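J.: Take the sequence shown: its letters are residues 998 to 1370, numbered as in my numbering. Just so you know, even glycine gets a beta-carbon here, dropped at the ideal spot from N, CA and C. The structure displayed is predicted, hence computed values, not measured ones. The structure under discussion is supplied below as structure tokens; questions concerning it will follow.
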Amino acid sequence: MMNTKFNPNDLQIKTWSIQRTLDPLVAEVTSLVSEQPSNMKKGQSKRAHLLVSNVIQAIENFINKAEEIVHENPDMRNELLECMEEVKRTGDEMADLSKEFADDPCSKSKREQMILAARALLSAVTRLLMLADYVDVQLILKSIRLVENDLQHIRDASNQEELIQFYKQYGKNMSNLTNHTQRRQQDLVDRNEQEQLAAARATIKRSSMMLLTSAKTYLRHPEIPSSRENRDFVYNQLRDAVHTISSITQGQAGALEIDPSLNTVGDLTRALNEFDRLVMIKPQKFNEQIIRPQLEEHLEGIISGAALLADSLSTREDRRDRIVQECNAVRQALQELLDEYIRYGKKKSSDEIINGKIQLMQTKTRDLRKQVK
């Protein structure tokens, strides 16, 4: 469920843009608050007065920045103006108390009053920046709602014409969402949240390529169970990725658990080796309800790790595309192998065909292994 209300008491800084805007003011306030009492006579602490001037200038600079924020966000004008007035009020109070402290830097009570004023000012400033960030969050959530509707329309399409129409709209809305998500990913302070958004974007990129194909196949052959399974698998991958973006954007913890064992190329290679071993099942012992989800889950863990590698800033675009292509090829080979196991159970396949599918599967994992090294 999307949270559409701003919480004025949540002052946890989540983005570098907020941090960078706060830093100059925080630096000046911290310098003043940390100023040691002067041995000079009352009224002659030149350094304290200089620091006060710097704080006042930093407050004025921030007020100018706040006015730009209000102008850029007319939909939230009233709320932003209210926050800006609070910044002005606490800023004026901070300036007055700072001047009093500079005149009498040995006064413990004046220092304490100034520190309280500094805390109130920084809280007001942070609250204003968080409200401005909340506006950006709402834009992302709006894009998410559009994409979720598009996905449902694609899933419910009753003919090819409807499907093409819905997919075109999905492409436009998903492009907007991924652009918003990329900017958010780069701005987030939390490295784990960055990686979760990177994984979600990589999933969207590879699964969107398969969405139209799998949906078309299902409309042509609804009587074939695997066509529905493939379509639903792709749909669920996209739905989960969009849900991850929604959760991270709203600051909800635990949106996606990234397997910590797949953080390196060596880990991915070992996981692929283990996967090659797991797919070599005696056809007579294949249990679709148990083995299919186990193999699919194991592979998706590998693909998520490969997606993080593909989406890292150090990965060249051509290599990134090859990793995505090989991931898709491995997933397709697994579905073909699983379908063949099912056919074997219905006396419609043979050991020779199964072995051929296993060899194809392992060829695809070998190709992926080459790309991630």
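Would the segment 1234-1243 and the segment 1183-1198 be scored as touching if the rule is three or more Cβ pairs under 8 Å?
T.: Verdict: yes, contact present.
J.: Ser1244 and Val1231 - do their beta-carbons sit closer together than 8 Å?
T.: In this structure, Ser1244 does not lie closer than 8 Å to Val1231 by Cβ.
J.: Just the C-alpha distance for Asp1315 and Val1052, rounded to the nearest angstrom, thanks.
T.: Those two C-alpha atoms are separated by around 49 Å.
J.: Give me the residue from Gly1168, Asn1173, Ile1010 with the minimum Cα distance to Leu1138.
T.: The candidate whose alpha carbon is nearest that of Leu1138 is Asn1173.
J.: Relative to the C-alpha of His1068, which candidate in Ala1129, Arg1044, Met1091, Lys1011 has its C-alpha closest?
T.: Nearest C-alpha to His1068: Ala1129.
J.: By Cβ distance below 7 Å, which residues in the same chain neighbour Lys1085 in space, the five residues on each side in sequence not counted?
T.: These residues qualify, in order along the chain: Ile1060.
J.: Going straight from the alpha carbon of Gln1329 to that of Asn1270, what length do you get?
T.: Approximately 18 Å between the Cα atoms of the pair.
J.: Got a sec? Which residues, its chain only, sit under 7 Å from Arg1152 by beta carbon, not counting five neighbours each side?
T.: For Arg1152, where only same-chain residues beyond five positions count, the Cβ hits under 7 Å are Tyr1232.
J.: In terms of DSSP beta bridges, what is Leu1077 paired with?
T.: None, per the DSSP bridge assignment.
J.: Spatial neighbours of Ser1346 within its chain, please: CB distance less than 6 Å, with the 5 preceding and 5 following residues excluded, ordered by chain position.
T.: Contacts found: Glu1337, Arg1340.
J.: Checking the sheet assignment: what are the DSSP bridge partners for Thr1012?
T.: DSSP output for Thr1012 lists Leu1185 as bridge partner(s).
J.: DSSP three-state call for Arg1319: helix, strand or coil?
T.: Here Arg1319 sits in helix by DSSP.
J.: Can you name, in chain order, every residue of its own chain whose Cβ lies under 8 Å from the Cβ of Gln1291, other than the five neighbours on each side?
T.: Closer than 8 Å at the Cβ level, and outside the excluded window around Gln1291, lie Leu1275.
J.: Less than 6 Å between C-beta atoms, sequence neighbours within five positions excluded: which residues of the same chain meet that for Gln1132?
T.: Note that residue 1132 is Val in the sequence shown, not Gln. Cβ neighbours of Val1132 beyond the five flanking positions: Asn1070, Met1073.
J.: State buried or exposed for Arg1124, treating a residue as buried only when at least 16 other CB atoms are found within 10 Å of its CB.
T.: The residue is buried, with at least 16 neighbouring Cβ atoms inside 10 Å.
J.: Give the secondary structure of Val1239 by DSSP, where H, G and I count as helix, E and B as strand, and everything else as coil.
T.: Val1239 falls in the helix class under three-state DSSP.
J.: List the whole-angstrom C-beta distance separating Leu1216 from Leu1160, where the pair is believed to meet the contact cut-off of C-beta under 8 Å.
T.: So it is a contact: roughly 6 Å between Cβ atoms.
J.: Just to confirm before moving on: does the CB-CB distance between Ser1224 and Thr1214 stay below 8 Å?
T.: Contact: yes.
J.: So the candidates are Gly1298, Val1321, Gln1356, Gly1248; which of them puts its Cα closest to the Cα of Ile1278?
T.: Measuring from the Cα of Ile1278, the nearest candidate turns out to be Gln1356.
J.: With burial defined as no fewer than 16 other Cβ atoms inside 10 Å of the residue's Cβ, what is the status of Glu1190: buried or exposed?
T.: Burial call: buried.
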